[in-house]
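For the sequence shown, my numbering gives the first residue as 28, with consecutive numbering after it.
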Amino acid sequence: YDTYSWFHHTLNEHTVVRALPEVLAGSAEFRKRNIPRDADDKKAVSAAVTNVKSLMPKPKYNHPVCVKGNVLMHSHLLRQDVAKVHEEDLKYMLRYSTALIDAMISVCKHQDSIQTA
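Set out below in structure tokens:
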């Protein structure tokens, strides 16, 4: 329910496709996995941010879980290397991404039907 609540909160008619990795990154399934664990993890996230910052839209959310997940997803989509410390986190996100993207589509369809009803 937390993930659907997050999707209802973040997805609307003004959401652009380029912002969807950030929405996906905020899913409840990734919260425990993507919290930066130590100083090295935070440094690796900061380094990844500098690599993709110019190629991604300005993030709406600055929570550490969203930032890390957003950067990992953008790094993957832009075919950039991911730090060794983040490889397992990215694989975890990709494993669940299909079902979560389906949920995002479902929420968008439901919101559209509510707006036109």
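Here a beta-carbon is modelled for each residue, glycine too, at the ideal position from N, C-alpha and C. Values in this document were obtained by computation on a predicted structure and should not be read as measured data.
Three-state secondary structure (DSSP) at residue i?
i       : result
Tyr-119 : helix
Thr-30  : helix
Taking buried to mean at least 16 other C-beta atoms within 10 Å of its own C-beta, is residue i buried or exposed?
i       : result
Lys-95  : buried
Asn-61  : buried
His-11  : The shown model of the chain, from 28 to 144, leaves out residue 11, and the question about it has no answer.
Asp-116 : buried
Among the options, which has the Cα closest to the Cα of residue i?
i       : options                           : result
Lys-80  : Leu-105, Arg-58, Asp-67, Lys-118  : Leu-105
Cys-135 : Ser-32, Thr-30, Asn-39, Asp-29    : Asn-39
Pro-91  : Ala-110, Gln-107, Glu-114, Asp-65 : Asp-65
Inset, instruction - Answer yes if the stretch 65-85 comes into contact with the stretch 124-136, meaning at least three C-beta pairs across the two stretches below 8 Å, and no otherwise. - result: Result no; under three Cβ-Cβ pairs closer than 8 Å.
Legend entry - Inter-stretch contact (C-beta, 8 Å, three-pair minimum) for the stretch 84-98 and the stretch 30-46: The answer is yes - the stretch 30-46 touches the stretch 84-98, with three or more Cβ pairs under 8 Å.
Inset, instruction - Mind listing, in chain order, the continuous alpha helix (DSSP H) runs of no fewer than 4 residues lying wholly within the stretch 31-60? - result: Fully enclosed alpha helix (DSSP H) runs of no fewer than 4 residues occupy 47-52 of the stretch 31-60, in order along the chain.
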